[in-house]
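Engineer: Sequential numbering from 57 applies to the sequence shown in our numbering.
Every residue, glycine too, gets a C-beta built ideally from N, C-alpha and C.
Predicted, not measured: the structure shown is a model, and the values here were computed from it.
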Amino acid sequence: MATVKELKATARPSVGKGAARAERRAGRVPAVIYGDNKPPVTISLEDRELRLRILAGRFLTTVVDLDLDGTKHRVIPRDFHLDPVRDFPVHVDFLRLGEGATIRVSVPLHLKNSETAPGVKRGGTVNIVTHTVDLEAEADSIPQFIEADIGTLDIGTSLHLSDVVLPKGVKLVAAREDVTLVTIVPPSGFNEEQKAAAGAPAAAAPAAAAKAPAAGAKAPAAAAKAPAAPAKKK
Numbered sequence: 057m058a059t060v061k062e063l064k065a066t067a068r069p070s071v072g073k074g075a076a077r078a079e080r081r082a083g084r085v086p087a088v089i090y091g092d093n094k095p096p097v098t099i100s101l102e103d104r105e106l107r108l109r110i111l112a113g114r115f116l117t118t119v120v121d122l123d124l125d126g127t128k129h130r131v132i133p134r135d136f137h138l139d140p141v142r143d144f145p146v147h148v149d150f151l152r153l154g155e156g157a158t159i160r161v162s163v164p165l166h167l168k169n170s171e172t173a174p175g176v177k178r179g180g181t182v183n184i185v186t187h188t189v190d191l192e193a194e195a196d197s198i199p200q201f202i203e204a205d206i207g208t209l210d211i212g213t214s215l216h217l218s219d220v221v222l223p224k225g226v227k228l229v230a231a232r233e234d235v236t237l238v239t240i241v242p243p244s245g246f247n248e249e250q251k252a253a254a255g256a257p258a259a260a261a262p263a264a265a266a267k268a269p270a271a272g273a274k275a276p277a278a279a280a281k282a283p284a285a286p287a288k289k290k
């Protein structure tokens with residue numbers, strides 16, 4: 057379930073592009089806290105610490121306790137922007153989490169028992185069609201990932217969204233169709249081998265039928281060798 061991280065933030069009274077550039081020159085990243093029917097609060101965070109959190113992964117599904125000058129704000133990152141050239145964070149949006157708040161998140165899909173799947177043992181390849189799953193959950197119930205057991209999949213079969221068992225307190229965001237998550241792709245030449253195997257019995261049938269008359273032809277010859285029965289006396 058959700059692990060709460062901590063970040064320190066500083067109030068940012070000045071807003072606008074000029075003020076934001078000044079924060080970045082000072083090694084800080086502009087950010088904003090919004091939501092929960094409260095006015096937005098502009099803040100800034102230490103660049104290096106924030107960058108490490110983003111690079112660690114799952115940043116947008118991690119609940120954060122923001123220490124804003126001694127006052128704690130429980131939030132979750134909803135968006136962040138990176139510099140297109142140097143790839144460092146330039147702005148972050150945090151959603152304020154009220155008590156019992158339910159939010160939508162996308163969490164990664166993790167596969168289980170792929171090495172024991174019959175399709176893999178027969179040379180098939182696991183093809184992940186959907187890498188993340190959209191969920192709705194309370195902040196304290198957000199899973200780090202969703203586990204999908206593919207241990208029974210054979211070549212040409214698939215695992216769908218409806219096959220996944222969700223943790224307690226978590227539900228799927230309504231989808232228009234039952235999304236395919238994983239399939240087992242056949243190895244190269246598999247279809248040709250299957251066709252050849254299916255055609256083998258059909259090819260054997262005419263050959264067997266051709267041998268049947270030859271076997272039957274021996275019967276008259278055997279009958280010709282039998283001695284004639286003696287004629288009955290009158």
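Candidates Glu62, Thr213, Pro243: which alpha carbon is nearest Gly126's?
Structural biologist: Comparing Cα-Cα distances from Gly126 to each of Glu62, Thr213, Pro243, the minimum goes to Glu62.
Engineer: Looking at the secondary structure, which residues open and close the alpha helix (DSSP H) in which Ile110 lies?
Structural biologist: 103-111 is the extent of the alpha helix (DSSP H) around Ile110.
Engineer: Can you have a look at Ser100 and say buried or exposed, based on whether 16 or more other CB atoms are within 10 angstroms of its CB?
Structural biologist: Flag for Ser100 reads buried.
Engineer: Based on the DSSP secondary-structure assignment, which residues constitute the bridge partners of Asp190?
Structural biologist: According to DSSP, which records beta bridges pairwise, Asp190 is partnered with Ser162.
Engineer: Near Asn169, which residues of its chain fall below 7 Å by C-beta distance, leaving aside the five closest residues on each side in sequence?
Structural biologist: Asp205, Ile206, Gly207.
Engineer: Over the uninterrupted alpha helix (DSSP H) stretch that includes Lys128, give me the two end residues.
Structural biologist: No alpha helix (DSSP H) holds Lys128; the beta strand (DSSP E) holding it covers 127-138.
Engineer: Hey, how far is the Cα of Leu165 from the Cα of Leu217?
Structural biologist: Distance between the alpha carbons of Leu165 and Leu217 is about 11 Å.
Engineer: If you reduce the DSSP assignment to three classes, tell me which class Lys73 lands in.
Structural biologist: Three-state result, Lys73: helix.
Engineer: Could you spell out the range, first to last residue, of the alpha helix (DSSP H) harbouring Val176?
Structural biologist: Here the alpha helix (DSSP H) through Val176 covers 174-177.
Engineer: Rounded to whole angstroms, what is the Cα-Cα separation between Val189 and Asp143?
Structural biologist: Between Val189 and Asp143, the C-alpha separation is close to 26 Å.
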